[in-house]
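Contents: one structure, followed by commentary.
Dropping the structure here:
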């Protein structure tokens, strides 16, 4: 059997809640295998596999698990607060193969010694909350979760919690604050959640997709996973393709697949390609030269971007960059948590100027103001949210600056001749 | 006090916040469309504050942080129209213009009969079927203007 499809293979099971069908395809055999090993060996297998966090930051998963220390009351939290614009892979996983995530969570819990886990699902996915509760109940009934899992001494319970609607809660420290019934403010690290997390106890927070790939390591072996894709960020990855694509959707390919290869798999663009945003709203906006870029953490960093969540939004030549600037800046202004001044005020200023430009009232000097504000935000914002606005802004003003400038000039001219 | 965790010290204190993990779910349940009320009233707020032993002002602050909760009355049905990049380039503004004309309300407003509230939101995580919106708990994807009309007709007929 091909080992180059994993999540999509399980996602093709007709009834996602059918636990027997999941078992028939080898489901929970990863957990069974992991339970024959010591927790230490499980962690070293995950380290050896080279699996890195699929939520966006790309932190090595095994290293995160290994850094858990302190108190014996420990938690595993699944970050299902998917909110990155252009990203819908976690929705896809949870809708189509929830057991894969539960199995990954159980392995993580065994490795770090957690007794209780939470899945924090974004409030916009209410049907997933219900489906997960049902799949947890079925897993417990068959002994794959709950007390004395598969006859071992290991017990692990999972509970589902529904978010209240907030982009920044995707940050792990903000997510834990939210899970504890607070405003979802991100915190400065350290201390890392692996030392002081939920209720002050050591906590591992992993993304849905990261957890869904954990069983792979124990079914097919760490070296198999490590042999796929880019050596520095190996394995498979789900890419979310949207915008002007013939067949938008979730595609599973090895890390390091190029933008052009993905686009080909999705049937090409609708209309001539103008730009593509990679990695989410905080990602750069590239022109057609991006087609040759390899999509993995290391290669994307080399071209001044980031793989992020693996979102790709394709734009054809009908798209105005003035609109893209407006939508992007407004997103940041609306989703800033407001905790620190540079981000709270900076995003509002940027959104104001971008909107002025888009509504034909822009001034050329705005462009320099915007660059300055973004620079201050990079240096002075408390968390990566405020720091990351510079990337999309600078790539729009850089790569598509002429278009913005000529739009502003044209509008100014129109106003003048109308007088 | 160390300025790096200013305002957040109590979040690190397990004693003060234990068992509040169900708070957001409870807030969701009091404003569920099934109960015919889509916002959190003063009465809800004070009873939840009492239950969780949180000062009312603090709870109000928590509620206001999240976009899915509302302290102001909303319509029987809440329409959440996505206007993130993928939806914008696939026609979200056409839908916005249509709904605005049809219902006579702009972003954040409620129709006079109390049936619909229109909100603009960021990314509903279904970009492959853009443009997207949610009506209450239901995702409505890649719809035509005619389908939106039909939906509004049906919900209007059902009434409050």
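Residue numbers (our numbering), protein chains in the order written: chain A, 2 to 420; chain B, 40 to 199. The beta-carbon is built from N, C-alpha and C at its ideal position, and this holds for glycine as well. Computed from a prediction, not measured in an experiment: that's the story for all the values here.
(message) I'd like the list of long-range same chain contacts for residue 148 of chain A, defined as Cβ closer than 7 Å, with 5 residues on each side in sequence excluded.
(response) 156
(request) Using a cut-off of 7 Å between C-beta atoms, extract the partners of residue 356 of chain A located in chain B. (result) Those do not exist, as residue 356 of chain A stays about 13 Å from chain B at its closest Cβ, beyond 7 Å.
(request) Answer yes or no: does any C-beta atom of chain A fall closer than 7 Å to that of residue 167 of chain B? (result) yes
(request) Pull up the distance between the alpha-carbon of residue 44 of chain A and that of residue 112 of chain A, whole angstroms please. (result) 6 Å
(request) Buried or exposed for residue 216 of chain A, please, with buried defined as at least 16 other CB atoms from any protein chain shown within 10 angstroms of its CB. (result) buried
(message) So, with DSSP's three-state summary, where would you put residue 41 of chain B?
(response) Per-residue confidence for residue 41 of chain B stands at a pLDDT of 37, beneath the threshold of 50, marking its modelled position as unreliable; the derived number appears in the next sentence. The answer is coil: DSSP assigns residue 41 of chain B none of H, G, I, E or B.
(message) Going by the DSSP bridge assignment, what does residue 317 of chain A pair with across the sheet?
(response) A:274
(message) Below 8 Å on C-beta distance, what does residue 80 of chain A contact in chain B?
(response) What residue 80 of chain A touches in chain B: nothing, since even the nearest Cβ is about 13 Å away.
(request) Determine which residues of the region 85–96 of chain A have a Cβ less than 8 Å from any Cβ of chain B, and write them out in chain order. (result) 85, 86, 87, 88, 89, 91 and 92
(request) Rank A:333, A:12 and A:364 by C-alpha distance to the C-alpha of residue 99 of chain A and give the top, closest one. (result) A:12
(message) Classify residue 50 of chain A: buried if its beta carbon has 16 or more other beta carbons within 10 angstroms, exposed otherwise.
(response) buried
(message) Helix, strand or coil, according to DSSP, for residue 212 of chain A in the structure here?
(response) Looking at residue 212 of chain A - three-state DSSP - the assignment turns out to be helix.
(message) Tell me the residue span of the alpha helix (DSSP H) that contains residue 110 of chain A.
(response) 99–113
(request) Would you verify that the beta carbon of residue 404 of chain A is, or is not, closer than 7 Å to some beta carbon of chain D? (result) Judged by its chain identifiers, the structure shown contains no chain D, and its protein chains are A and B.
(message) Given this structure, state the Cα-to-Cα distance separating residue 46 of chain A from residue 108 of chain B, to the nearest angstrom.
(response) 43 Å
(request) Would you list, in chain order, the members of the region 295–320 of chain A that have their beta-carbon closer than 7 Å to a beta-carbon of chain B? (result) 314, 316 and 320
(message) Give me the residue from A:315, A:412 and A:30 with the minimum Cα distance to residue 263 of chain A.
(response) A:315
(message) Would you call the region 67–74 of chain A in contact with the region 192–209 of chain A, where contact means no fewer than 3 C-beta pairs closer than 8 Å?
(response) yes
(request) Would you mind sorting residue 131 of chain B into buried or exposed? The rule is 16 or more other CB atoms within 10 Å of its CB. (result) It counts as buried.
(request) With a threshold of 16 other CB atoms inside 10 Å of the CB of residue 278 of chain A, please say whether the residue is buried or exposed. (result) With 16 or more other Cβ atoms within 10 Å, it is buried.
(request) Take the Cβ of residue 396 of chain A as the centre, count every other Cβ of all protein chains shown within 10 Å, and call the residue buried at 16 or more, exposed below. (result) buried
(message) Just to make sure I have the definition right: I need the residues of chain B whose C-beta is within less than 8 Å of the C-beta of residue 256 of chain A. Which are they?
(response) By Cβ distance, chain B contributes nothing, its closest Cβ being about 21 Å from residue 256 of chain A, past 8 Å.
(message) Does residue 164 of chain A pass the burial test, meaning 16 or more other C-beta atoms within 10 Å, or should it be called exposed?
(response) buried
(message) So, for residue 99 of chain B: in the same chain, excluding its five sequence neighbours on each side, which residues have a beta-carbon less than 8 Å away from its beta-carbon?
(response) Correct list, in chain order: 84 and 110.
(message) Between the alpha carbons of residue 161 of chain B and residue 38 of chain A, how many angstroms are there, rounded?
(response) Between residue 161 of chain B and residue 38 of chain A, the C-alpha separation is close to 44 Å.
(request) Would you check if the region 207–221 of chain A and the region 137–144 of chain B touch, i.e. whether three or more CB-CB distances between them fall below 8 Å? (result) no
(message) Looking at chain A, is there any beta carbon in it that lies within less than 7 Å of the beta carbon of residue 171 of chain B?
(response) no
(request) Spell out whether any CB of chain B is found under 7 Å from the CB atom of residue 61 of chain A. (result) It does not; no Cβ of chain B falls within 7 Å.
(request) Please determine, among B:119, B:196, B:105 and B:87, the residue with the shortest C-alpha to C-alpha distance to residue 175 of chain B. (result) B:119
(message) Buried or exposed for residue 131 of chain A, going by 16 or more other Cβ atoms inside 10 Å?
(response) exposed
(request) Classify residue 1 of chain A as buried or exposed, calling it buried when 16 or more other Cβ atoms lie within 10 Å of its own Cβ. (result) Nothing about residue 1 of chain A can be reported from this structure: the residues present for chain A run from 2 to 420 only.
(request) Would you list, in sequence order, the uninterrupted beta strand (DSSP E) runs of no fewer than 3 residues that lie entirely inside the region 120–187 of chain A? (result) 158–163
(message) Less than 7 Å between CB atoms is the rule here; does residue 206 of chain A satisfy it with respect to chain B?
(response) Look at residue 206 of chain A: its C-beta is not under 7 Å from any C-beta on chain B.
(message) Would you say residue 135 of chain B lies against chain A (beta-carbon separation less than 7 Å)?
(response) no
(request) Could you spell out where the beta strand (DSSP E) holding residue 173 of chain B opens and where it closes? (result) Residue 173 of chain B -> beta strand (DSSP E) spans 171–174.
(request) Could you tell me which chain B residues have their CB closer than 7 Å to the CB of residue 163 of chain A, listed as they occur along the chain? (result) Those within 7 Å of residue 163 of chain A in chain B are 63, 64 and 67.
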